[in-house]
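Protein chains: 2
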Amino acid sequence: MNEKFGKQTIKFDKTPYIISRSSVVGFKEGEGPLKDSFDMVVSDDKMGQTSWDLAEGAFQKTAVEIALKKINVKNSDIEYILSGDLQNQCAATHYGLRETNIPFLGLYGACSTMVEGLSVGSMIVAAGYAKKVVALTSSHFCSAEKQYRNPLEYGGQRTPTAQWTATASGAVVLSDIGTGAKITHVTTGKIVDKGICDVSNMGAAMAPAALDTICAHFKDTGLTPDDYDLILTGDLGITGSEILCDLIKKEGYDIEKKHNDCGKMLYNIDAQDVHAGGSGCGCCASVLCGHILNEMEKGTYKNILVAATGALMNPLTVLQGESIPTISHAVAITI
Amino acid sequence: MNEKFGKQTIKFDKTPYIISRSSVVGFKEGEGPLKDSFDMVVSDDKMGQTSWDLAEGAFQKTAVEIALKKINVKNSDIEYILSGDLQNQCAATHYGLRETNIPFLGLYGACSTMVEGLSVGSMIVAAGYAKKVVALTSSHFCSAEKQYRNPLEYGGQRTPTAQWTATASGAVVLSDIGTGAKITHVTTGKIVDKGICDVSNMGAAMAPAALDTICAHFKDTGLTPDDYDLILTGDLGITGSEILCDLIKKEGYDIEKKHNDCGKMLYNIDAQDVHAGGSGCGCCASVLCGHILNEMEKGTYKNILVAATGALMNPLTVLQGESIPTISHAVAITI
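Protein chains in written order, with the numbering used here: chain A, 1 to 335; chain B, 1001 to 1335.
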């Protein structure tokens, strides 16, 4: 029987397996340090589409195709597909997946969406509602930049704490039967808002959400940082990662040696001019579905905790003077 | 054991109960034919907030408070809260619920969100992951109008097929133990896009999604329209409802005598100048959580199928010439 621990964590008795995964990234991401870990690096970030918005959808479509092709599974074998993205009304997802013909659950978790999808997807598989589900997400630098910040042509200056939205998608196939990497725990986050209003410092806004969820995971399960080989956050970047490691020390957990962040890993930060690191739903998705799960298979990591973080404001609410609500969802993966 | 029927439908063995519900609506909705069915009709659609965007969040906050107060349950007794809305990045939800301190799963299903929340919430409760969850959603005429169409001050003319976004929120509390109305089946929809590009005719765009999901429900379960006292769609309005009843006849199901639509019920259509009827996430939410569940308790209906529909485009994709992807999620409720 699947067990509920404490308030926020489920421990699965019948653990869902990650039986396939894919990562598709843009040109810049393909020049970064993780370039060899991705299934596809595209040379045309527009993916042959007429807009950046549709291009992002094409990244999702391609990610699903690759993940299913690897295990020779057809769309009709997938019982649910879970996805969302950063575009208004999650348009990338809806246009990218509209031809899949798979029962669809739309999620909105901003940059936490990869782990929200893994969480709900795992709940569905572990409960026996489905044998195979796909969870995925995407982001695109160009669609995000014009929607959240400035038109690309404006060439706006970026602050040192700003992060670079990844052009990337990552997808996993979860199954009730399998070998290898599997989801053991899901810890669902609460909305956390500590009053940060600076949209060029998402790391600072989101670090308290990661803190809240990671601490809840430890408290709910009795596990400690020692039980994990890696505690991976989604895209706190350099600034947010420092804040998290500081704050969590005050809660009695030292994670500094175990912690890394997808936003710190995706780019060569100085050489690629990404300031505080990568961000966007596709950052955590592509790094997890590429590099991290590769390393788990190689034996580098056995037990990891992945806490993706998302900022839940929109550009308008911030202009209205509101602070940034944030969230972090976590899953524990073991191999 | 919960059972999976066909591709899209789950039949719950241990059915989740609707142990509480609430509906909070705006001034105009409070002048409609269902006015006596709502828990609260507000006189100030701005809810004392500084923007329409935050006002919509306040509708959600109030709906949660009322639903929990009715059964004397505290926020800390709720294990998950599931919500989403139509604002960019679901801002109403995040600002409205940021102080709840309840583990949160963000959904995006446009006007299908109430049923998407009921679906995922029921899956969570029926699987034993939680004893009590809240599912809710909202919409607000003023926040939707400025985001999707024109500034209110512009006074734009509406076409005959246009629908009126409801200012409303509805919430349910689902529990593993209870009496009365319970969720027996969940049928999860696929994205359907039949090429409609007219955002002033959402009924026509969404009817094929309702068709797809309702037919899937009948095929998966072997049930027929005769098994239901009411087949309720979310907000197809007058135009979409006619299209659905026509199209489904061709599939061999006559639902005309059983069908009604929340968008046709919420307003006095002619007198309140709402053209083809109501729409918005809050339309299905408030009509279901108010009038419909009241009528079930009174004995008017014993078995109902609720298929909420959502249009998954955004204003930009439509201006780019894209058609409107849509979805419909269904739950069967019995008392």
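Ideal Cβ placement from N, Cα and C applies to all residues, glycine included.
The region 1098–1113 of chain B makes contact with the region 103–115 of chain A, as at least three CB pairs between them are under 8 Å. As computed with DSSP, I1327 (chain B) is found in a beta bridge with B:G1310. Scanning A:A166, A:C245, A:D193 and A:D270 for the CA closest to the CA of I324 (chain A) turns up A:D193. Chain B places a beta carbon closer than 7 Å to that of A91 (chain A), counting this residue as a contact. Counting along the chain, the unbroken beta strand (DSSP E) around L1105 (chain B) starts and ends at F1104 to G1106. For V120 (chain A), the C-beta contacts it makes with chain B under 7 Å involve L1105 and V1120, in order along the chain. Contacts with chain B at 7 Å (Cβ-Cβ) include L312 (chain A). Listed along chain B are D1053, N1088 and A1091, each with a C-beta nearer than 8 Å to that of L316 (chain A).
In terms of Cβ geometry, W52 (chain A) and S169 (chain A) do not form a close pair [threshold 7 Å]. Under the rule that a run must span 3 or more residues, the beta strand (DSSP E) segments found entirely inside the region 163–219 of chain A read 168–175 and 182–187.
Between the C-alpha atoms of Y1095 (chain B) and G1057 (chain B) there is a straight-line separation of about 6 Å. Fully enclosed alpha helix (DSSP H) runs of no fewer than 4 residues occupy 52–70 and 91–97 of the region 34–113 of chain A, in order along the chain. The contact set of R1098 (chain B) on chain A, defined by CB atoms closer than 7 Å, consists of I191, D193 and P325 in chain order. Chain-ordered, the chain A residues with CB closer than 8 Å to the CB of E1322 (chain B) read L54 and Y95. Rounded to the nearest whole angstrom, the C-alpha separation of S200 (chain A) and T165 (chain A) is 12 Å.
Rounded to whole angstroms, K1146 (chain B) and Q60 (chain A) show a C-alpha spacing of 30 Å. Taking a contact to require three or more Cβ pairs closer than 8 Å, the region 1013–1033 of chain B and the region 232–245 of chain A do not qualify as touching.
A63 (chain A) has its alpha-carbon roughly 11 Å from the corresponding atom of K70 (chain A).
Straight-line spacing of the CA atoms in G155 (chain A) and A1210 (chain B) works out to 45 Å. Across the region 164–194 of chain A, CB contacts with chain B closer than 7 Å involve T188, G189, K190, I191 and D193, in sequence order along the chain. According to the DSSP assignment, V1133 (chain B) belongs to the beta strand (DSSP E) that extends over K1132 to S1139. C289 (chain A) is not a Cβ neighbour of C262 (chain A), given a cutoff of 7 Å.
At a C-beta separation below 8 Å, I214 (chain A) has no neighbours in chain B, since its nearest C-beta there lies roughly 14 Å away. When C-alpha distances from C90 (chain A) are compared across A:C281, A:A332 and A:S328, the shortest belongs to A:C281. By the Cβ-count criterion, Q1157 (chain B) is exposed, with fewer than 16 other Cβ atoms from all chains shown falling within 10 Å of its own Cβ. A Cβ-Cβ contact shorter than 7 Å links I124 (chain A) with Y80 (chain A). Around the beta-carbon of P1160 (chain B), fewer than 16 other beta-carbon atoms lie within 10 Å, marking it exposed.
The Cβ atoms of G1026 (chain B) and D1045 (chain B) sit closer than 7 Å to each other.
Restricted to the region 1228–1304 of chain B, the alpha helix (DSSP H) segments that are unbroken, complete and at least 4 residues in length are 1237–1250, 1262–1265, 1281–1287 and 1293–1298, listed in chain order. An exposed status is given to A271 (chain A), since fewer than 16 other beta-carbon atoms sit within 10 Å of its beta-carbon. For T317 (chain A), the uninterrupted alpha helix (DSSP H) segment begins and ends at P315 to L319. Under a 10 Å Cβ-count criterion, L1319 (chain B) is classified as exposed, with fewer than 16 other Cβ atoms of the shown protein chains found around its own Cβ. In the DSSP assignment, Y17 (chain A) falls within the beta strand (DSSP E) that extends over Y17 to V25. Within 9 Å of the CB of E1079 (chain B), the CB atoms of chain A belong to K4, K7, Q8 and T188, in sequence order along the chain. For A1210 (chain B), there are no neighbours in chain A by C-beta distance under 7 Å, as the nearest C-beta there is about 15 Å away. Neighbours of M1123 (chain B) in chain A, taken as residues whose beta carbon is under 9 Å from its own, are V120, M123, I124, A127 and Y129 in chain order.
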